[in-house]
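*Asks:* Handing you a structure now.
In the working numbering, the protein residues as written are 124 to 202.
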């Protein structure tokens, strides 16, 4: 089964996350099919109110049409 989920990167106590398409059998930070964007919980936008998140909506829609499943966290981030 193909899932769209977060992959943790960065250093200890300062993580950032990539939004990736991966096979559900792969580990969280393992091999992925495609990188769709990123999420940085420590970097605020210019207005200091929203978290820094960037993703490719067209590619997410493409993978959802192919049967990919969003993780709960990614679903909450992109809505």
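We put the CB at the ideal spot given by N, CA and C, even for glycine.
1. Pull up the distance between the alpha-carbon of residue 142 and that of residue 161, whole angstroms please.
2. Relative to the C-alpha of residue 140, which residue among 192, 151, 176, 131 is closest?
3. Please report the residue range of the beta strand (DSSP E) in which residue 127 lies.
4. With distances taken between CB atoms, is the gap from residue 128 to residue 188 smaller than 7 Å?
5. Can you tell me the Cβ-Cβ gap for residue 190 and residue 125, rounded? I've got them flagged as a contact below 8 Å.
*Replies:* The structure says:
1. 5 Å
2. 131
3. 125 to 134
4. no
5. 7 Å
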